[in-house]
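In the numbering used here, the protein residues as written are 1007 to 1387.
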């Protein structure tokens, strides 16, 4: 009897080893083995690092994020990705992260995507430290952000309350996040579109410096026979929603929603089913109404002017006409200018910020909120 048990265990271990090797090969392990700036983790190592995936620190449309600590005491975030092939908008819970199969033609692209992400080095983009290829869909290991996401700080989550965030920090977060997205669009060998820009994907370190995260994840999950709609519907560009065309201006639209969220501390959907976009647009014609939209923490006689300027930049990002939206580079420049003016207003000496006059942004008329299609834009329906 004991011999049969031992033989069964041996067969199970052998099958497990074969499966791990098959996943490693299929996910591009041999190609990635020669990359020096990321570590290839085994499944067993990640089980140890995460305490068998015991501490969840985030959950999104394409997976969960687990807190971990490496053998050299570095805090990390381990992203386990999954997708339910019957509906790309509905997430399926794994047991220990395993996943449904995705379209076979996408498998080989993980190695290339991981290679691209490993080459991105920017102070405001979460750094990819490594990956595990011994699973159906690779698990990704990133830097850990001590203060969670911007969404956590603004709105709280299940375990923490919202936290104070002064206007200076909000301007810093806006500028640095915009610069990170502009870098992705312009400054790397291959243009990278984020595809899921939202406050939950802007992480904050111990000093509240933003780190854009989760770029590329959505693109990995697209298949030729499913509608490419992975991101949060409250932030998705309606042009992308309608046509399936993902463009750098789609990221600009989503970032416009984040800017409104940053200055109002309101979710895209708040107080029941109120739309932040619609209500902000409708409030712009009244000083009292627009003032009531801003977060009370940062509304002051000196601050209101700068909140309005950030709001105008957000409005330009949310233009119904994709071609009239600014680039992320232009968004970053205008936000830098607002921050410079704010610092000057506060008595800071300005040495390193731009001072040249910037061409104005194209702002949609307030009446655009009444035009056909704008409610589709604002409500994401």
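Note that beta-carbon positions come from the ideal geometry of N, C-alpha and C, so glycine has one too.
(request) Can you say whether residue 1039 is buried or exposed, counting buried as having 16 or more other CB atoms within 10 angstroms of its CB? (result) Counting the other CB atoms within 10 Å of its CB gives residue 1039 a total below 16, which places it among the exposed residues.
(message) Please list the terminal residues of the continuous alpha helix (DSSP H) segment that includes residue 1244.
(response) For residue 1244, the enclosing alpha helix (DSSP H) stretches over residues 1244-1249.
(message) Let's test the definition: count the other Cβ atoms within 10 Å of the Cβ of residue 1407 and tell me whether it reaches 16, buried, or not, exposed.
(response) For the chain, the structure presents residues 1007 to 1387; residue 1407 sits outside this window and is missing.
(request) From the DSSP output, read off the bridge partner residues of residue 1072. (result) 1062, 1084
(message) I need the DSSP call for residue 1136, collapsed to helix, strand or coil.
(response) strand
(request) Could you check what DSSP says for residue 1149 in three-state terms: helix, strand or coil? (result) strand
(message) In whole angstroms, give me the CA-to-CA distance for residue 1163 and residue 1139.
(response) 31 Å
(request) Mind listing, in chain order, the continuous alpha helix (DSSP H) runs of no fewer than 4 residues lying wholly within the segment 1248-1304? (result) 1254-1270, 1282-1289, 1293-1299
(message) Quick check on DSSP: helix, strand or coil for residue 1155?
(response) Judged by DSSP in its simplified three-state form, residue 1155 adopts strand.
(message) Helix, strand or coil, according to DSSP, for residue 1167 in the structure here?
(response) DSSP, reduced to helix, strand and coil, places residue 1167 outside both helices and strands of the structure shown, so it counts as coil.
(request) Could you spell out where the beta strand (DSSP E) holding residue 1315 opens and where it closes? (result) It is not in any beta strand (DSSP E) - residue 1315 instead sits in the alpha helix (DSSP H) that spans 1310-1323.
(request) State the DSSP-derived secondary structure class of residue 1208, mapped to helix, strand or coil. (result) The answer is strand: DSSP assigns residue 1208 an E or B state.
(message) For residue 1048 and residue 1084, which I take to be in contact (beta-carbon distance under 8 Å), what is that distance rounded to the nearest angstrom?
(response) Residue 1084 and residue 1048 do not touch by the CB rule: their CB atoms are close to 13 Å apart, not below 8 Å.
(request) Tell me whether residue 1267 is buried or exposed, calling it buried when 16 or more other Cβ atoms sit within 10 Å of its Cβ. (result) buried
(request) Could you name the residues that DSSP lists as bridge partners for residue 1241? (result) Beta-bridge pairing links residue 1241 to no other residue.
(message) DSSP has residue 1217 in a bridge; who is on the other side?
(response) 1209
(message) As a quick exercise: from 1338, 1290, 1042, 1086, pick the residue whose alpha carbon is nearest that of residue 1187.
(response) Per the C-alpha coordinates, the member of 1338, 1290, 1042, 1086 positioned closest to residue 1187 is 1338.
(request) Pull up the CB-CB distance for residue 1181 and residue 1341, whole angstroms please, since I reckon it's below 8 Å. (result) 5 Å
(request) State the DSSP-derived secondary structure class of residue 1179, mapped to helix, strand or coil. (result) helix
(request) Can you say whether residue 1184 is buried or exposed, counting buried as having 16 or more other CB atoms within 10 angstroms of its CB? (result) buried
(message) Starting from residue 1349, trace the alpha helix (DSSP H) in both directions and tell me its first and last residue.
(response) 1334-1351
(message) Quick check on this structure: which residue in 1276, 1158, 1329, 1285 has the alpha carbon closest to the alpha carbon of residue 1317?
(response) 1285
(request) Give the C-beta separation of residue 1033 and residue 1117 to the nearest angstrom, bearing in mind that I take them to be a contact with Cβ-Cβ under 8 Å. (result) 6 Å
(message) Taking 8 Å as the cut-off, does the segment 1292-1312 touch the segment 1326-1338 (at least 3 CB pairs, one atom from each stretch)?
(response) no
(request) To the nearest angstrom, report how far apart residue 1216 and residue 1256 are at their CA atoms. (result) Taking the Cα positions, residue 1216 is about 20 Å away from residue 1256.
(request) Could you spell out the range, first to last residue, of the alpha helix (DSSP H) harbouring residue 1055? (result) 1049-1055
(request) Would you kindly work out how many angstroms separate the C-alpha atoms of residue 1220 and residue 1207, rounded to a whole number? (result) Cα to Cα, the separation comes out at about 6 Å.
(request) Could you round the C-beta distance between residue 1132 and residue 1192 to whole angstroms and report it? I think they count as a contact, below 8 Å. (result) In fact, because the Cβ distance is near 19 Å, the residues do not count as touching under 8 Å.
(request) Helix, strand or coil for residue 1046, going by three-state DSSP, please let me know. (result) strand
(message) Less than 9 Å between CB atoms is the rule here; does residue 1180 satisfy it with respect to chain C?
(response) Of the protein chains in this structure there is only one, and it is not chain C.
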